[in-house]
Amino acid sequence: MPSPPRRWCSFLCLLCSLAPGAASAAYLDELIARSRELRLSERREWHRLMHYTADLAGPGVHSLADARRFFLAPDGKTHPQGELEATLASFFSDVRETQETQNPQCAFISRYGWLDRQLGFDAARMPRRPCRRFREWREALDPHGVTLIFPAAYLNNPSSMYGHTLLRIDARDQDEKTRLLAYAINYAANTDETNGILFAVNGLFGGYPGMFSILPYYLKVREYNDLENRDIWEYELNLTPEEIDRLLMHAWELGPIYFDYYFFDENCSYYLLELLEAARPDLDLTRAFRWWAIPSDTVREVVRQQGLLKRVVYRPSNATVIRHRLGLMNPEERALAGEMGRGRISTRDLAYAALPETARARVLEVSHDYLNYLRTTGRRPVDEPAVLARDLLLERSRLGAGTDDPPVPVPEVRPDQGHGTSRIALGAGRRDRASFIELRARPSYHDLMDPDGGYARAAQTEFFDLAVRDYGTGIGPRLEDLRLVNIVSISPRNEFFRSLSWKIDAGWARRRLAGGDEPLVFGVHGGPGLAWTVPDSLKGNTTIYAFLESTAEVNKHLEKGFALGAGPSFGALTDLSPRWRAEVYARTQRFFSGDMRLDLSRERQEKQSWNAALISLHHYF
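If you want it as structure tokens, here you go:
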């Protein structure tokens, strides 16, 4: 092992000067010599604690942590041995713990614990610090278990389009009723940005610091389950008490540390995997996510680990519960529940009073749940919704009858059991009497024709979808289209839920011009829309939709170099059977230059092996 450079010697001497006497320096020399002999800086555990990852080019490593205060050595970000020696030197510091400062043994408590286990620190030669702040924090958590939380995808929030993950710390005496009182460890971009586009752009390029935080779990449940109406999946992990302690110690020392936040790879899910690796260094969870880390894929990787998963619990959102209970009611009961939840009728209504007692109980419960849904989503159906909620509960308490309604069924396919988020396809087709073969690759994530299991129905999120075609003319393959982003949110409406659908599609695609040329044209398309399910607004497996779309295209071959257009689109999405789905779609747009374009398409997909047919008609004025 080569000797440290001269500047390292002076730096270590400076750290040693914080400790009294030459005895400390002598003991530090012993510890450093022993660490070199054991090659501790090369151990997986040390690299886990420091978040070192291999350089893309060359044999070196670098830490993903970006906060300077995380490193005790001047070049600790790239030199594991130097950082280890500087860490050992810092442990001799006599800095006293206050509300503002910590002794290095406490600030870097997981490093201290691991090095102590490897080197067997002599407390007489290097006094142990009590670390009262950490001990009090840990006692307040009373940790007994860890659960990986996965709220489903939410398209109206750019940071949660793929879903989200966090870790819940389960207390010793926690049960199903008190788990909301537990605390959760969350990693997220530290920003107050409310503009979704700016957030997405900055998130793509590491424009925000990402930080760990710990907060009451019920706040996240309220945010996900109630405000955003996202189902939550809870994956209880099988960690030992020692592993739980290591996880908490590492979370403690990462509290004031930031990492540059990247939307696709170094995101919420990636760093939670690193936290689990620090708890159990034998895990190798992050290796598969060097380029991008989609939350559902990270959950899938955790579940894949032998013996790591204990059980899975499903927590449906308020909207899911309401939809389920509405499906158990007849049309008259549904109408009464909706009117009562909006405060338009009271419990003295004759139609309500004529119902059997069990049906009245069901109407009261659903109307109360629906009122809470309206309140949490920012709507006030009456001036005093709290008073109406109290009156509904009082009336329900007067009824002795129970509803005996079955609980919300657990979906047959969990998020970790759904289809893979990346897709590659090889196909063949024919266009204008010309045959072609096509290779299409999609890194992520899900489209309308993919199997729904584990995903939201009628929702599409695709990034960097690329297609290359070869028409066999001898010219070779050509880029057919490259979609940077293609998002479709089809939210069916009914008398209870008045959701707005929307879509956005941006990227390059071939556009046939009047002269026969087909240049790659960059375009942005999208707009708002409405959707409904038929024939029954609650149970139908057919969704019809309509959008009012606008288009902006740019290419030097276009007249004036650009084209602006707008027009309606219509479509229907239906499940023909549990294995088959079909979509028909039509769009017409009038361009300001006087051109009109008409697109017609139909698709069908079989969930095991698939075939697709596309018929396109383009008309230009």
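Numbering-wise, the sequence shown is residues -19 to 601 according to the numbering used here. Cβ atoms here follow ideal geometry from the backbone N, Cα and C, with glycine treated the same way.
On the DSSP letters alone, give me the boundaries of the alpha helix (DSSP H) that residue i sits inside.
| i | result |
| --- | --- |
| Leu228 | Pro221 to Leu234 |
| Asp96 | Ile89 to Leu99 |
| Arg314 | Pro311 to Gly321 |
| Val279 | Pro275 to Arg284 |
| Glu63 | Pro60 to Ser70 |
| Ala104 | Per DSSP, Ala104 belongs to no alpha helix (DSSP H) and is neither H nor E. |
| His304 | Asn298 to Leu306 |
Please name the residue or residues paired with residue i in a DSSP beta bridge.
| i | result |
| --- | --- |
| Ser481 | Gly509 |
| Thr554 | Thr522 and Ala562 |
| Arg148 | Thr127 and Ala164 |
| His42 | Thr33 |
| Arg449 | Glu418 and Arg458 |
| Glu216 | Thr127 and Arg291 |
| Ala169 | Gly190 |
What does the alpha-carbon distance come out to for the pair residue i and residue j?
| i | j | result |
| --- | --- | --- |
| Ser347 | Pro472 | 20 Å |
| Asn218 | Val126 | 8 Å |
| Ser15 | Leu29 | 16 Å |
| Asn298 | Val282 | 27 Å |
| Arg680 | Leu372 | Nothing can be reported for residue 680, as the shown portion of the chain is limited to -19 through 601. |
| Lys157 | Ala439 | 32 Å |
| Leu459 | Asp450 | 9 Å |
| Pro548 | Thr554 | 20 Å |
| Asp412 | Gly541 | 27 Å |
| Leu518 | Val388 | At Leu518 the pLDDT is 46, less than 50, meaning the model places this residue with poor confidence; the figure from the coordinates comes in the next sentence. Leu518 and Val388: Cα-Cα distance of roughly 14 Å. |
| Asp485 | Arg567 | 14 Å |
| Ser43 | His31 | 5 Å |
| Ala381 | Leu335 | 13 Å |
| Thr220 | Gly287 | 12 Å |
| Leu306 | Arg403 | 37 Å |
| Thr81 | Glu65 | 22 Å |
| Ala258 | Glu17 | 23 Å |
| Leu597 | Thr441 | For Leu597, the predicted structure reports a pLDDT of 30, less than 50, and the residue's modelled location is therefore unreliable. A value from the coordinates is still provided. For Leu597 and Thr441, the distance between alpha carbons rounds to 26 Å. |
| Gln569 | Arg463 | 20 Å |
| Ala414 | Val448 | 15 Å |
| Leu207 | Thr357 | 6 Å |
| Tyr294 | Leu379 | 30 Å |
| Glu533 | Pro457 | 24 Å |
| Arg410 | Leu419 | 14 Å |
| Gln79 | Trp232 | 15 Å |
Between residue i and residue j, is the Cβ-Cβ spacing less than 8 Å?
| i | j | result |
| --- | --- | --- |
| Gly545 | Leu528 | no |
| Gly183 | Phe243 | yes |
| Val501 | Asn535 | yes |
| Tyr215 | Val292 | yes |
| Phe51 | Leu8 | no |
| Thr401 | Asp277 | yes |
| Ile524 | Ala494 | no |
| Ala511 | Ala132 | no |
| Pro261 | Arg322 | no |
| Trp560 | Ser424 | no |
| Arg148 | Ala169 | no |
| Tyr167 | Tyr251 | yes |
| Ala341 | Arg303 | no |
| Tyr238 | Ala47 | yes |
| Gly509 | Ser530 | no |
| Gly62 | Ala53 | yes |
| Cys248 | Thr145 | yes |
| Asp385 | Leu316 | no |
| Leu467 | Leu135 | The sequence shown places Ile at residue 467, rather than the Leu named in the question. For Ile467 and Leu135, yes; Cβs fall inside 8 Å. |
| Phe88 | Thr67 | yes |
Starting from residue i, follow the beta strand (DSSP E) in both directions and report where the run begins and ends.
| i | result |
| --- | --- |
| Ser193 | Tyr188 to Pro196 |
| Asp240 | Tyr238 to Tyr241 |
| Arg108 | It is not in any beta strand (DSSP E) - Arg108 carries neither H nor E in the DSSP assignment. |
| Arg403 | Arg403 to Arg411 |
query = Mind pulling the beta strand (DSSP E) runs of 3 or more residues that sit fully within the region 414 to 441?
reply = 414 to 422 and 424 to 426
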